[in-house]
Structure formats: C-alpha cells, structure tokens
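A.B. asks: What follows is a structure written as structure tokens; I'll ask about it next.
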Amino acid sequence: MSKTLQVRRGGYVDSVTLMQVSKTVSASPGVTAALVAMATELNLDLATSMGFDLPASTAPNEMLVAVEAADDDSLAQALDLVEATLREAASPAPTAFGAAPPPVTVGAAARGSGATVALVSTPGEYAFADAVDAVDAGLHTMVFSDNVPLEQEVALKRYAEDTDVLVMGPDCGTAVVAGVGLGFANVVRPGPVGIVAASGTGAQHLMTLLDHAGVGVSHCLGVGGRDLSADVGGLSTMRALDLLADDEATDLVVVVSKPPDAEVADRLERRAQELGKPVLFALLGPGRPDLTAAAERVVAAVGGAWQEPSSARGSVETGRPRGYLRGLFAGGTMCYEAMLLAAERVGPIASNTPLAGGRSLDDQLRSDGHTMIDFGDDRLTRGRPHPMIDGSIRVDRLRAEVEDATTGVVLLDVVLGLGAALDPAGEIAPAISAATAAGLPVVAAVVGTKDDPQGLESQVEVLRDAGAWVHGSNADATRTALSLLRDREDNS
Amino acid sequence: MKPLAAPESVVTAGVSLLADALDQQGVEAVRVDWKPPVEGTAAAVATVMGDRRRKPANALALERMLTAEATLVDVRPASEALGLGPGEFLHAGPPVDWEHASGPMRGALIGAVLLEGLASGPEEAEQKLATGDGLRWEPCHHRGAVGPMAGVVSPSMWMFELRDDVHGNTSWCSLNEGLGKVLRYGAYSSEVIERLRWMNAVLGPLLQTAVRAGNPIDVKAIISQMVQMGDEGHNRNRAGTLMFLREVLPAMIESGGSSADVAEAVRFVSGNDHFFLNLGMPACKLQASAAAGIDGSTVVTVLARNGTDFGIQTSGTGDRWFTAPANTPDGLFLGSFGPEDANPDIGDSAITETAGIGGLAMATAPAIVRFVGGSVPDALATTRRMYDITVGENPAFAIPVLEFRGSPTGIDVTAVVRSGVLPQINTGMAGRVAGTGQVGAGLVTPPMACFTQAIAALADEVPKA
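Printed below as a string of structure tokens:
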C-alpha cells in the first residue's frame, strides 16, 4: 500500500468539478481511496477520516490531493491522472494571438459581453461580492449559492431594488427566464403560467406537473427560500411580480412557497390584487393543498385538461414489518411536502429540517423513528456539491437503511433537468436493487419532463427495473409509501 | 426594470456544470475564471462591496481622473517651487529611515548631500545622514511631487512644475539625468554630481526660459500621442521625449543662451530616451491626485516604492500608506549584472501605472516587450487582464492595437483582492549596492499585502448600517 497527500497552492477549482476528478481517480486501477478537494475544514476532516496525515497548516484556497493505491506504480499513475483531469477541468488558455484572457470578476465579464443575466454559484461565504458586482453591472442576477448570510441577502436585495434589477435566490436554485434554464431547471414547454417561487424543487415540481398536463410556463423566477420571511420581507417576490405583470407572455401568476410571514403575506395579497392578472397561491403548509393539487388548480384556471401524474408499481408490495418510513430527499420542498403529508398520518417525523413539533436529528443524522432527511439543506452542502449534482451521499445512506432493521419503507425523490446529474436514476438504482432484494420497498418521486437532458422515460425505466415504485407526483409517492408501512399502530 | 427576455449570454461564476447547462441550451456562458478572494479578506470584501457609496464614488474618481489636465507651466529650483530648505530632501515611495534605506536610496541621498555642498565627501555625507545631523527627508508624495527610482530631490535641483487647473492641483518632478550611472539609481560619483551641477546651471535655466516664453505645454496631449506611437510612458518614453523637444526647441534657440549651451542641452535631452518620464510622471500624479480623497472610493491613488517597501494609497483612505516589503523585478540585465545585483523595486514611477499607462498599457509598446523579458502576446494579454481590475478606460490614452480602446484606468482594490490579480508594473532595476546605478529592467508587481491592508482599512471606513 502506498499513499500520499499533497497540498497545492494557486489553483482554485469548484467543488463540483473536483468531486468529478476525485471520482475519476478513485475509479482508476489500483486506487483504493482518492480525495481531490479544496482544503476546507470539511474536506480536511474527510481526509483525516480516510486515514491521511494532514500537514500542520493549510488554507482554504489550497488544494488537497490525497491518493492511496495498492502500490507505487498505481499511485504514480493515479497522480498523472489527477494532473490530466485537472488540466482538462481548468479554463482553456487563450490560443489565438491577442485573444482576451478569461475575465476574473463578474463585473469584468459583464463589461465585455452583451449579457443581461448573471448566474452566481460561488461558495456562499463569497457569493455576496460576486452578486453585488453583477447588480452593479445592471444584470438580473440568479444566486444559486447556498449558505449566503441572511443580512447579506437583505442588503443585496435592497440594492437590487434601488438598481432596478431582479435578484433570484439565494438558496433556491431554480429559474427559467423565457425558456432559458438557470441553475436547476426542467425543460418545459412555453406557455401562459408565470411562476414566482420561494422554493426551488417546489417550482420544479409544479413546472413538471403542468408540463405533463400540457400547460406551459412563461417564466419561473426562484426568489430564494427566505424571501417571504419577515427579515427579507418579500423584496424579490414583489419585484418578480412587477416583472410578470408587465410580461406579455404571462396570463396567470402562481406563487409557490411555504406559508409566508403574516405581515409579508398581507402585502403580497394586496400586491396580487392590483397586479391586473390572476394570481394563485400554492402555499405548502399543514392542512393546505399539496403541490399536485395546486398544479391541478392552475391547469383548470388556464382552461387546460388535468392529466393524472404517472405511477408504476414496485417489486416489493409491502414494507418490512414494524419498520418506519425513511425519506431520503435531494429536494428541500419535496422533503417538506412529504413530511406534511406523512405527519398527518403517522405523527411527528424526525428530520434535519423538521416541521414544527418534529424532532431534530443529531449531527450524524441517525434515524429516529419515522425520519426524513433533506440532503440539499444548507448545512449539508457546505463545501460539497448539492445532492442533485452528486447524489453519492444519499446512495450511501440508502445502503445503510437496507442494513437498518427498523427501516420499513424508503421514500426518495429523483430530480431531473438542467444542472442536475446526468444520470441520477442510474446513480441510485444499484442501491435500490439492493433494497428491494432485501425486501425493503423503495418509492421514488420523479421530477422531470420528456425534454430534460436525462430523458424522463429512460430514467423511470431504470428505477422500475431496480424494483422501485415510481410516481410523477411527490404527494402520490408519499401516500404510496405510507400505504406500504406494515404492522404499525401509528399508521392509521 | 429590464423586461424578462431570453438571455443570449449569461455571465457565470462558480460551478462549471451550471455554465455547461447553458451551453447545452445554446446560450453563451461568459465564464468567470473565479477564485476565492485573497485569504483573510472575505469579510472586508463583503463590507466594501456592500457599501452603497462605492460605485458612485469610484465613478467620480474615474471622472476626475479622465478630466484632469496636465500642463507644464514652469521650471524652477525645488527651493523655490516646493520651499525646500537647506538640509531638506524628498525621496521616492513611502517614508523610510536611514537604517531601513536600501543601497540605491542611500546612494542617492549621499549624492544629494554632496550636490548641496553639505559634506566634503561620501563618508561624511553618509555619517551625517546616519546620525540625522540637521538633515531631513520625506516622501515626494507628501508634497504632491514624484521622483523616479530613488526620487531624491534636493533644494538646488530644478523641477518641472505641472498644473491641473480643472481640479486646482500642482505637481513637480526633477529633470531626468539619463541612464547608467545616475543619482536616481543611487550613483554619486563625481561625474554624477558634475552632471547634476550642469543641469542646475544650464539645462534648468534654459528650459525655464523656453517654457516661460511660450504657451504652457500640454503634457497630457503629448502622452495621448506617445501612447499611439509605441510608448507606454514608463519604460519607453522615446516619442514623448522627441515631441517635448519639438515644443521647446524654438524657444531654447531664441533664449539668448550661448549656442554651445543650447546645443549641449539639446544633445542631452535628445540623447536620453527617458527624458519625458519626468514629465509624464507628474502628469500622472495630477491625474491620480484629482481622484484622491473621495469617501467610499476603492480606487488606488498612489503606487510607490522606496527600494525597501512598496506603499499604496487609496482614494477612500486619504493619505494613509499601506506598505509591505517591495518585490524584486524579474527581467533582463545590463552587461554582466544578474539577479543578485538587483535592488528591490524602487521609485515613484509606478504613478504611471496608477494613471493607467506603463505596465497597464503594455499592449501599446510591443517594441520593448523583449527588454522587460516578455512577448508581444503577453503584452496584449497583460493590458487586457488589467481591464478586469480597473474601474474604467481613458479614451485620451487610446491603444491602437486594441482598436483604440482607452487604457485601463483606476486600479480597484476590491477587484485586486477578489481576483488575486495584481497591477503590472514595468520598471527599471537599480543596483543593490549604493553607487552602482542601473542594472536592468523588467516586470514587477506590488506585494498583495498592500492591498489586503487597504481593503481592511476601506472596510473600517464603511459607515455602520
């Protein structure tokens, strides 16, 4: 066995790209473990847990290259592979004589181009500066980043208001502007529905349900999960409504959110009444209609014909005896909606993002009775890609659930679309097969359209082949999962 | 508000997968080559970027830089022009005491003491300087002046006096001595002192007569032209020098001076391709001074080195210096000199970069890229890169090879620490040992620590919300 840990200075590569490099290197012959990552606290811990000795001090802008291999030859080859993949990942150098080097700030990029929109996905602790730079340049700005401090979000949105541009996000990675998807977005048909969403996967789910029913979308503006809180006060939501009011392609506006702060809700209500266009509210909360019901209402409002979301039976017809429901989600709103529906039936659900009255999970996210985990939560995406981009953390968890005798039924989501992993179903399918082979039923809600790059049909096919129950509606999937629970008194 | 239309291009910073997703949709992703801000600056960067005064303040700084004028109105001794008294000297860069002064700085001060007749020889001069003994020195910048290399000015030296009537500023610089063994590179041998005496006795008065006889000379207009003639104004001043000579030559001939003196003066000026540097520098100082003292502005108004430390000032932090040990330039060496002979970076001449020429306008001077150890594509790429760390462009200094794009102007501290890209300085190299003179020329950057201190100070100045 030979191993090495190198620390390199001077080159920054984003975490998603480095995950892909790590994966490629891990899979090369003779390599037993590989980590290529920026030296963030999280990655340092990871390297330690993999058995590498850390140098005395490192800085977060340094890169760790840690490889363990069967022998020296394999190690050398793996390091060559690291070089090659990193080189490939680096921005191409200008080749033409006198060609401009790539811009180094958002403002510089905006100056030299005809861009009207910026998409900022830098780490949350730095994203504010990049977003301000974009607003300075007069660009509508989508902040994909998680973990942006609240006071920076408020300052940014106030600035955008005064500068007359729209800030989308942060922490709500979805927007479609006139058919162009920014961040996580599904490829949906154009149409009359304008969506304002304080919830990323909520917006994606609504779009795909509408698309399934033949109803298209003019724009989908994700305004950030905190936008309708008392602190942010709906700053971006109000601006998004203004934009949609003036937008000729939009006939009907839908606001997707968790229930807003009461005072913000009042203002939102007043603004909606004077918008000059019908506004429907799809506010997820206890005792409120789920997203699928909301979609049905939208379809009716534009005179469309509702199409029931697709569904397919899985290979395991019943849950493991006395087992609990375990939800493993990539989408925060998917997790929230599932918890709302499940809590009505089986009582409080333990979660890392619990509903009021639900138990909080410990830092190890150990299951505690009926449990649902949002792997896309801010605290879990620090220094690591969103699970919709890289779902390996969830795959590992599903395998652990199979081993856990208290797990009765697993519910999960598979989110397709632009920005998402190229084959999310294929990534998790082997673990699903392992589950179903062990008699553990898995129910999957698939959010996607036939035009998404991954292809809805083929992704559903992969999940079905693995034995999963597959639904085009998260609410339907949750109800199916609940119905599979067996020998539980709480499942009334 | 800009209506919602399908974007044809989108600026992307961060996760490259998301930029790829735009490519897949046939939308151009303008990818930022993003890095985290320089270590330890993230909080200050956020504070300063969030300062609502920043954008208008920087716009004002740029406007003032672009509207600043620079006309040569007089030539006279420093004692008169700056009120420099006996035993008072000016020098380049941030403040420095004898103990910390580098070889060339010490050499230049020794030479100046000899020139002023305050010591009988170098040993006595050195001893007086080391003990203080009635001698005082302070940065040129503290008096609105600038000095190349050691930048030492003594009371009897003749100074160019330039005015910016738009902003009411005046700036000064000594007369350029030529290359090789010269005071500004720390040489103080008798030939150096004799040349300075001749400049005081003959060249200065002739230029004074010529300048006073004609209309004020528009130095900014000469810079505009020289930038289109292959001079970047720091390491190449050939066209500028000849254009200046063209302006003053008739009046020098008519001055009544002896034809031998006039001929000697003309030979001296036309034989020194850097003569114009000492006119370009105060013109640049006027441009930078116009932008000084604007609350909330993150624009750099001084880049200066004393051979030991590099110092910068910013518009929003007034006359505070942010200093760190100067880097040693990287480039080519004269004769048998090598890297071990080079002193760390020295001189106020980086005021040219502060004003958007010099290294920032490298693209306009392909003739000297080899002299500083670069290539023509490097030169083009350098200037293009500098646009990313500056707040605007100066149409008065248009660069032909970049389709007459204005030179990158107004170095922005936030852009420097956010990108890690430092301003490019194009400079001469002084010998490390006092008395050596010039040993080469090359490229250098300021130490990043100047900018990290500046961003912290700028953040402290931001009013609490």
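The listed protein sequences correspond, in order, to chains A and B.
Residue numbers for the first sequence follow this note's numbering, so the first one is 548 and each next one is one higher.
Residue numbers for the second sequence follow this note's numbering, so the first one is 2 and each next one is one higher.
Every residue gets a Cβ at the ideal spot worked out from N, C-alpha and C, and that includes glycine.
#1: Find the residues of chain B that neighbour Gly-661 of chain A, judging by a C-beta separation of less than 7 Å, and give them in chain order.
#2: Shorter than 8 Å from the beta carbon of Pro-648 of chain A to some beta carbon of chain D?
#3: How would you list, in chain order, the residues of chain A whose beta-carbon sits under 8 Å from the beta-carbon of Gln-25 of chain B?
#4: So does the segment 1015 to 1025 of chain A actually touch the segment 875 to 895 of chain A, counting three or more Cβ pairs closer than 8 Å?
#5: Return helix, strand or coil for Ala-631 of chain A, following the three-state DSSP convention.
#6: Write down the C-beta distance between Leu-184 of chain B and Val-153 of chain B rounded to the nearest angstrom, noting that I regard them as a contact closer than 8 Å.
#7: Quick check: the segment 289 to 297 of chain B against the segment 251 to 265 of chain B, are there 3 or more CB pairs under 8 Å?
#8: Rank A:Arg-786, A:Val-651 and A:Val-764 by C-alpha distance to the C-alpha of Glu-708 of chain A and give the top, closest one.
#9: Going by DSSP, what residue range makes up the beta strand (DSSP E) through Tyr-871 of chain A?
#10: Does the Cβ-Cβ distance between Ser-10 of chain B and Ala-662 of chain A come in under 8 Å?
#11: Consult DSSP for Val-863 of chain A and reduce its assignment to one of helix, strand or coil.
#12: Taking the C-alpha atoms as reference points, what is the distance between Ala-351 of chain B and Ile-975 of chain A?
#13: Whose CA, out of B:Leu-18, B:Ser-259 and B:Ala-22, lies closest to the CA of Gln-567 of chain A?
#14: To test your reading of the DSSP string, which unbroken beta strand (DSSP E) runs of 3 or more residues are found completely within the segment 64 to 92 of chain B?
#15: Decide if Lys-465 of chain B is buried, meaning its Cβ has at least 16 other Cβ atoms within 10 Å, or exposed.
#16: So is Pro-670 of chain A buried or exposed if we call it buried at 16+ other beta carbons inside 10 Å?
#17: Considering just the uninterrupted stretch of the alpha helix (DSSP H) at Arg-556 of chain A, what are its terminal residues?
#18: Could you check if Gly-761 of chain A is buried or exposed, using at least 16 other CB atoms within 10 Å of its CB as the buried criterion?
#19: Kindly confirm or deny that the segment 298 to 316 of chain B and the segment 442 to 456 of chain B touch, where touching means at least three C-beta pairs closer than 8 Å.
#20: Taking DSSP's pairing of strands, which residues face Ser-898 of chain A in a bridge?
#21: Using DSSP with H/G/I as helix, E/B as strand and the rest coil, what is Arg-931 of chain A?
#22: Look at the alpha carbon of Ala-952 of chain A and the alpha carbon of Ser-914 of chain A, and state the distance between them as a whole number of angstroms.
#23: If we call anything under 8 Å between Cβ atoms a contact, is Ala-431 of chain B one with Gln-425 of chain B?
#24: Can you tell me whether DSSP reads Phe-405 of chain B as helix, strand or coil?
#25: For Met-935 of chain A, tell me which candidate among A:Ser-776, A:Pro-901, A:Ala-981 and A:Gly-995 has the shortest Cα-Cα distance.
#26: Note down, in chain order, every chain B residue with its Cβ under 7 Å from the Cβ of Ala-766 of chain A.
#27: For Ala-613 of chain A, which residues in the same chain have their Cβ closer than 6 Å to its Cβ, ignoring the five residues on either side in sequence?
#28: Compare the C-alpha of Ser-804 of chain A against each of A:Thr-797, A:Val-942, A:Leu-822 and A:Leu-831 and name the closest.
#29: Just list the residues that DSSP pairs Trp-173 of chain B with in beta bridges.
#30: Would you mind stating whether Phe-452 of chain B and Val-402 of chain B have Cβ atoms separated by less than 8 Å?
#31: Taking the alpha carbon of Met-158 of chain B as the reference point, which residue from B:Ser-121, B:Ala-126 and B:Leu-110 has its own alpha carbon closest?
#32: Cβ atoms of Ser-668 of chain A and Ser-692 of chain A: under 8 Å apart, would you say?
#33: Can you list the residues of chain A that Asp-379 of chain B reaches, using a CB-CB cut of under 9 Å?
#34: Within its chain, find whatever has a CB closer than 6 Å to the CB of Gln-751 of chain A; leave out the 5 residues flanking it on each side and keep chain order.
#35: So is Gly-672 of chain A in contact with chain B if we call contact Cβ pairs under 8 Å?
#36: Mind checking Asp-837 of chain A: buried by the 16 CB within 10 Å criterion, or exposed?
C.D. replies: Concretely, from the data shown:
#1: Taking the first residue of the first sequence as position 1, residue 661 of chain A is located at position 114. Glu-9 and Ser-10, listed in chain order.
#2: Going by chain labels, chain D is absent from the structure shown, which instead holds the protein chains A and B.
#3: The residue given as residue 25 of chain B occupies position 24 in the second sequence. Near Gln-25 of chain B (Cβ distances below 8 Å), the residues of chain A are Leu-965 and Pro-1000.
#4: Judged by Cβ distances under 8 Å, the segment 1015 to 1025 of chain A makes contact with the segment 875 to 895 of chain A, as three or more pairs qualify.
#5: In the first sequence, counting from the first residue as 1, residue 631 of chain A sits at position 84. Three-state result, Ala-631 of chain A: helix.
#6: The sequence position of residue 184 of chain B within the second sequence is 183, counting from 1. The sequence position of residue 153 of chain B within the second sequence is 152, counting from 1. 6 Å between Cβ atoms; contact.
#7: no
#8: For this step, residue 708 of chain A is matched to residue 161 along the first sequence. Minimum Cα distance to Glu-708 of chain A is reached at A:Arg-786.
#9: Translated into positions along the first sequence, residue 871 of chain A becomes position 324. Unbroken beta strand (DSSP E) run through Tyr-871 of chain A: 871 to 876.
#10: Looking up residue 10 of chain B in the second sequence gives position 9. Looking up residue 662 of chain A in the first sequence gives position 115. Yes, these two residues count as a Cβ contact at 8 Å.
#11: What you label residue 863 of chain A is simply residue 316 of the first sequence in a count that begins at 1. Of the three classes helix, strand and coil, the one that applies to Val-863 of chain A here is coil, per DSSP.
#12: Working through the second sequence from its first residue, we reach residue 351 of chain B at position 350. Working through the first sequence from its first residue, we reach residue 975 of chain A at position 428. Cα to Cα, Ala-351 of chain B sits roughly 59 Å from Ile-975 of chain A.
#13: Against the first sequence, residue 567 of chain A aligns to sequence position 20. Closest by alpha carbon: B:Leu-18.
#14: List check, beta strand (DSSP E) in window: 72 to 78 and 89 to 92.
#15: Counting from 1 along the second sequence, the entry for residue 465 of chain B is found at position 464. Counting Cβ neighbours within 10 Å, Lys-465 of chain B comes out exposed, since fewer than 16 surround it.
#16: What you label residue 670 of chain A is simply residue 123 of the first sequence in a count that begins at 1. Label assigned to Pro-670 of chain A: buried.
#17: In the first sequence, counting from the first residue as 1, residue 556 of chain A sits at position 9. Counting along the chain, Arg-556 of chain A falls outside any alpha helix (DSSP H), and DSSP gives it neither H nor E.
#18: As a working note, residue 761 of chain A is residue 214 in the first sequence. So Gly-761 of chain A ends up on the exposed side.
#19: The segment 298 to 316 of chain B, when compared against the segment 442 to 456 of chain B, does touch it at the 8 Å Cβ threshold.
#20: Taking the first residue of the first sequence as 1, we reach residue 898 of chain A at position 351. Answer is A:Ser-907 and A:Met-919, bridged to Ser-898 of chain A.
#21: Locating residue 931 of chain A in the first sequence gives position 384, where the first residue counts as 1. Of the three classes helix, strand and coil, the one that applies to Arg-931 of chain A here is coil, per DSSP.
#22: By 1-based counting over the first sequence, the position of residue 952 of chain A is 405. By 1-based counting over the first sequence, the position of residue 914 of chain A is 367. Going by the C-alpha atoms only, they are around 11 Å apart.
#23: By one-based count along the second sequence, residue 431 of chain B stands at place 430. By one-based count along the second sequence, residue 425 of chain B stands at place 424. Taking 8 Å as the Cβ cut-off, Ala-431 of chain B and Gln-425 of chain B do not qualify as a contacting pair.
#24: One-based indexing of the second sequence puts residue 405 of chain B at position 404. Coil, per DSSP.
#25: Taking the first sequence and counting its residues from 1, one reaches residue 935 of chain A at position 388. Comparing Cα positions, the closest option is A:Gly-995.
#26: The count along the first sequence starts at 1 and reaches residue 766 of chain A at position 219. The identity of residue 766 of chain A in the sequence shown is His, whereas the question assumes Ala. Here the neighbours are Leu-5.
#27: Along the first sequence, read from residue 1 onward, the residue named residue 613 of chain A stands at position 66. The residues are Leu-552, Leu-582, Ala-594 and Phe-599.
#28: Locating residue 804 of chain A in the first sequence gives position 257, where the first residue counts as 1. Its Cα nearest to that of Ser-804 of chain A, the residue A:Leu-831 stands out among A:Thr-797, A:Val-942, A:Leu-822 and A:Leu-831.
#29: In the second sequence, counting from the first residue as 1, residue 173 of chain B sits at position 172. Paired residue(s): B:Ala-146 and B:Glu-162.
#30: Locating residue 452 of chain B in the second sequence gives position 451, where the first residue counts as 1. Locating residue 402 of chain B in the second sequence gives position 401, where the first residue counts as 1. No, the Cβ-Cβ distance between Phe-452 of chain B and Val-402 of chain B is not below 8 Å.
#31: For the purposes of this step, residue 158 of chain B is taken as residue 157 along the second sequence, with counting starting at 1. Checking every option, the nearest Cα to that of Met-158 of chain B belongs to B:Leu-110.
#32: As a position in the first sequence, residue 692 of chain A is number 145, starting the count at 1. As a position in the first sequence, residue 668 of chain A is number 121, starting the count at 1. Yes, they are a contact pair.
#33: The sequence position of residue 379 of chain B within the second sequence is 378, counting from 1. Going along chain A, no residue has its Cβ under 9 Å from Asp-379 of chain B, so there is no contact; the nearest lies around 11 Å.
#34: For the purposes of this step, residue 751 of chain A is taken as the residue at position 204 of the first sequence. Thr-721, Asn-733 and Val-994.
#35: Looking up residue 672 of chain A in the first sequence gives position 125. Checking the displayed sequence, the identity of residue 672 of chain A turns out to be Glu instead of Gly. Glu-672 of chain A counts as touching chain B.
#36: Indexing the first sequence from 1 puts residue 837 of chain A at position 290. The residue in question, Asp-837 of chain A, is buried, as its Cβ has 16 or more Cβ neighbours within 10 Å.
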